């Protein structure tokens, strides 16, 4: 059974001078249900007013201590780059990024990491997946710019939702946040889905896919493509929008946009998918709309991109010394 905890945080926290200026306050209301695994870190970012659009995605390079936040809107920088201390280092004012959706940092440990962004825009650069340098220089485009489609030669996407680059260099693409296609593409291997939305791969060669339209997580073998199992019982109220594995491999963190929840599920042992079990829930405030999450694999910090709240937030793992009351 779950124990219910209510954190003794103040209601909504206002930055200095923000209330007087009438600017949007930070959404900081939340409740913890079940095991206390994360707590909100109000120090990150230092200046939340730098968010000027709808925040759709977040990605961490734990080696460089950088956090990338992708936002949408007219005349707003589409990418904000923070350090893990919460300071805004730079923004990208690139015209090649229209409507970012999903994001992933590849080769994070190397001297030439890159930031992969899926772009669901309808303009000349849309329906593509783009590889950028850490400072926003466009390096490579996958797909056919400006043209939605289902083809594989040339490769076309229709509202590609998310991208995951494995350390082997294999690229997993979840194609279909709406659109014509409902498929997971690994290079050219196709698996059918219904609005797949997010993907992550674990060390046991298991691919975890947030199959949003079907309100389930599906699990496949990353090498053979064999279907290993489905988790649906945890998502009767709202679909999983995002899935990531914690650095200790003990949990999967899932965002549920409509119920404004972050659910922490037990990761099953290798060879056994079984039924999903929710160990902890972070119940965010109404209309926060958590969309996609990422984890800092060094510190275990959880970053959340929130469309409704128009912000990214950081939650840090509870330690034994933390006071729950």
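Numbering (the UniProt record's numbering), first residue to last: 1 to 325.
C-beta: ideal position from N, C-alpha, C; glycine also.
Keep in mind it's a predicted model, so treat the numbers as computed, not measured.
key: Beta carbon of residue 220 nearer than 8 angstroms to that of residue 228   = Here residue 220 refers to the residue found at position 220 when the chain shown is read from its first residue. Here residue 228 refers to the residue found at position 228 when the chain shown is read from its first residue. Result yes, Cβ atoms of residue 220 and residue 228 sit closer than 8 angstroms.
request  = Determine the burial state of residue 122: buried for a count of at least 16 other Cβ atoms within 10 Å of its Cβ, exposed for fewer.
outcome  = Within the chain shown, numbered from 1, the residue matching residue 122 stands at position 122. Exposed: under 16 other Cβ atoms inside 10 Å.
query = Cβ of residue 315 within 8 angstroms of Cβ of residue 302?
reply = Your numbering for residue 315 matches position 315 in the chain shown. Your numbering for residue 302 matches position 302 in the chain shown. For residue 315 and residue 302, yes; Cβs fall inside 8 angstroms.
request  = Taking only the alpha-carbon atoms, compute the straight-line gap between residue 146 and residue 289 and give it to the nearest angstrom.
outcome  = For the purposes of this step, residue 146 is taken as the residue at position 146 of the chain shown. For the purposes of this step, residue 289 is taken as the residue at position 289 of the chain shown. The alpha-carbon atoms of residue 146 and residue 289 are separated by roughly 28 angstroms.
ask   = Using the C-alpha atoms, what's the distance from residue 254 back to residue 233?
value = By one-based count along the chain shown, residue 233 stands at place 233. By one-based count along the chain shown, residue 254 stands at place 254. Approximately 14 angstroms, taken between the alpha carbons.
ask   = When you compare each of 286, 300, 241 to residue 250 by their alpha carbons, which one comes out closest?
value = Taking the chain shown and counting its residues from 1, the one referred to as residue 250 is at position 250. Residue 300 is the option with its Cα nearest to residue 250.
inquiry  = Please state the DSSP three-state secondary structure of residue 214.
reply    = Reading the chain shown from its first residue, position 214 is the one you call residue 214. Here residue 214 sits in helix by DSSP.
query = Just reading off the beta strand (DSSP E) that residue 175 is part of, what are its end residues?
reply = As a working mapping, residue 175 is identified with position 175 in the chain shown. Residue 175 -> beta strand (DSSP E) spans 171-175.
ask   = What first and last residue would you give for the beta strand (DSSP E) that runs through residue 132?
value = Walking along the chain shown from the start, residue 132 turns up at place 132. From DSSP, the beta strand (DSSP E) with residue 132 extends over 128-132.
inquiry  = Using a 10 Å radius around the Cβ and a threshold of 16 neighbouring Cβ atoms, would you call residue 248 buried or exposed?
reply    = Looking up residue 248 in the chain shown gives position 248. It counts as exposed.
query = By how many angstroms is the C-alpha of residue 178 removed from the C-alpha of residue 306?
reply = Stepping through the chain shown from its first residue, residue 306 is reached at position 306. Stepping through the chain shown from its first residue, residue 178 is reached at position 178. Residue 306 and residue 178: Cα-Cα distance of roughly 19 angstroms.
key: residue 70: first and last residue of the uninterrupted beta strand (DSSP E) it sits in   = Numbered from its first residue, the chain shown carries residue 70 at position 70. Where residue 70 is concerned, the enclosing beta strand (DSSP E) stretches over 66-72.
From 84, 168, 279, residue whose alpha carbon lies closest to that of residue 65 = Taking the chain shown and counting its residues from 1, one reaches residue 65 at position 65. Nearest option by C-alpha distance: 84.
ask   = Could you give the distance in angstroms between the alpha-carbon of residue 31 and the alpha-carbon of residue 282?
value = Along the chain shown, one-based indexing puts residue 31 at 31. Along the chain shown, one-based indexing puts residue 282 at 282. Those two C-alpha atoms are separated by around 6 angstroms.
ask   = Do the region 207-215 and the region 166-185 make contact, defined as three or more Cβ pairs closer than 8 angstroms?
value = yes
query = Mapping DSSP to helix, strand and coil, what is residue 279?
reply = Stepping through the chain shown from its first residue, residue 279 is reached at position 279. In the structure shown, residue 279 sits in a strand (DSSP, three-state: E or B).
query = In whole angstroms, what is the alpha-carbon distance linking residue 27 and residue 224?
reply = Within the chain shown, residue 27 is the residue found at index 27, counting from 1. Within the chain shown, residue 224 is the residue found at index 224, counting from 1. Near 43 angstroms, if we compare the C-alpha coordinates of residue 224 and residue 27.
message = Quick check on residue 23: does DSSP put it in helix, strand or coil?
response = The residue you call residue 23 lines up with position 23 of the chain shown. At residue 23, the pLDDT of 40 sits below 50, so the modelled position is not reliable; the number obtained from the coordinates is stated separately. Coil.
ask   = Does DSSP put residue 306 in a helix, in a strand, or in coil?
value = Position 306 of the chain shown, counting from 1, holds the residue named residue 306. It is a strand residue.
inquiry  = If you follow the beta strand (DSSP E) that residue 266 is in, where does it begin and where does it stop?
reply    = Walking along the chain shown from the start, residue 266 turns up at place 266. Its beta strand (DSSP E) spans residues 261-266.
key: Those runs of the beta strand (DSSP E) which lie wholly inside the region 230-259 and span at least 3 residues   = 242-245, 251-256
message = Buried or exposed, going by whether 16 or more other CB atoms sit within 10 Å of the CB of residue 261?
response = Numbered from its first residue, the chain shown carries residue 261 at position 261. By the 10 Å Cβ count, residue 261 comes out buried.
request  = Grab the span of the beta strand (DSSP E) containing residue 185 for me, first residue to last.
outcome  = Position 185 of the chain shown, counted from the first residue, corresponds to residue 185. Per DSSP, residue 185 belongs to the beta strand (DSSP E) from 183-186.
task = In the DSSP assignment, find the beta strand (DSSP E) that holds residue 38 and state where it starts and stops.
result = Taking the first residue of the chain shown as position 1, residue 38 is located at position 38. First-last of the beta strand (DSSP E) with residue 38: 38-40.
ask   = Candidates 76, 68, 89: which alpha carbon is nearest residue 105's?
value = Position 105 of the chain shown, counted from the start, is the residue given in the question as residue 105. Nearest of 76, 68, 89 to residue 105, Cα basis: 68.
inquiry  = If I follow the unbroken beta strand (DSSP E) through residue 92, where does it start and stop?
reply    = Translated into positions along the chain shown, residue 92 becomes position 92. Note, residue 92: beta strand (DSSP E), 88-92.
ask   = Would DSSP call residue 105 helix, strand or coil?
value = Along the chain shown, read from residue 1 onward, the residue named residue 105 stands at position 105. Residue state, collapsed to three classes: strand.
ask   = Buried or exposed: where does residue 109 fall if 16 or more other Cβ atoms within 10 Å of its Cβ makes it buried?
value = For the purposes of this step, residue 109 is taken as the residue at position 109 of the chain shown. Exposed is the call here.
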